[in-house]
Amino acid sequence: MRKVELLAPAKNLKAIKAASEYADSVYFGLKNFNMRMRAENINTQNLWKVMDYCRKHHLKTYLALNVLLYDDELQEVQKTIKTAKEAGMDGVIVHDLGAMEIAKRIGIPFHISTQCNVSNSLSARFYEKLGAERIILARELSLEKIKEIKR
1329 MRKVELLAPA
1339 KNLKAIKAAS
1349 EYADSVYFGL
1359 KNFNMRMRAE
1369 NINTQNLWKV
1379 MDYCRKHHLK
1389 TYLALNVLLY
1399 DDELQEVQKT
1409 IKTAKEAGMD
1419 GVIVHDLGAM
1429 EIAKRIGIPF
1439 HISTQCNVSN
1449 SLSARFYEKL
1459 GAERIILARE
1469 LSLEKIKEIK
1479 R
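Shown next, in the form of structure tokens:
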């Protein structure tokens, strides 16, 4: 049986430090392309400092890229995912199929966001075939439904 990974949201280094007391990993957005765009986010200038802290404290890090994307944003998304990989992040949490494809090309693991509303085994297998390392299931699922999908 796999060990459960406790994942905590973080908007800044202070929140990451607090999360490091109990969490195995943190996720955060950068400036754009995440459901937390209106919240305070880590920026590319302090990303390296954040990553240094996380590595020293054995925290995994995931970049939230969990929004729909438009053609005119894809080049910037590619830069953002490259930055995440260069910084040593453990993966990206995505919603858009284009972001999944970019992550695959760059070679960084991607996780399927709860925004995708995966609520059945057929959908889960679909994302698995696309190369998803992890699927964050729909929030509405009961424990029994989660067990059905797992089978």
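Here the sequence shown is numbered in the numbering used here, starting from 1329 and rising by one per residue. Heads up, the beta-carbon is just placed ideally off N, CA and C, and yes, glycines get one too.
Beta-carbon proximity of residue i to residue j, cut-off 7 Å
i       : j       : result
Val1378 : Leu1402 : no
Leu1387 : Ser1353 : yes
Ala1466 : Ile1440 : no
Ile1434 : Ile1409 : yes
Met1428 : Thr1389 : no
Asn1394 : Ile1370 : no
Leu1397 : Gly1426 : yes
Leu1334 : Tyr1355 : no
Ile1430 : Gln1406 : yes
Ile1464 : Ala1452 : no
Assigned secondary structure, residue i (DSSP; H/G/I helix, E/B strand, else coil)
i       : result
Leu1465 : coil
Lys1388 : strand
Val1405 : helix
Leu1334 : coil
Leu1471 : helix
Tyr1398 : coil
Met1393 : The residue asked about is misnamed: residue 1393 is Leu in this sequence, not Met. Correct three-state label for Leu1393: strand.
Tyr1381 : helix
| said: Extract the residue ranges of the alpha helix (DSSP H) inside the stretch 1416-1468, only unbroken runs of 4 or more that lie entirely within it. | reply: Taking only runs of at least 4 residues, the alpha helix (DSSP H) segments lying wholly in the stretch 1416-1468 are 1425-1434 and 1449-1458.
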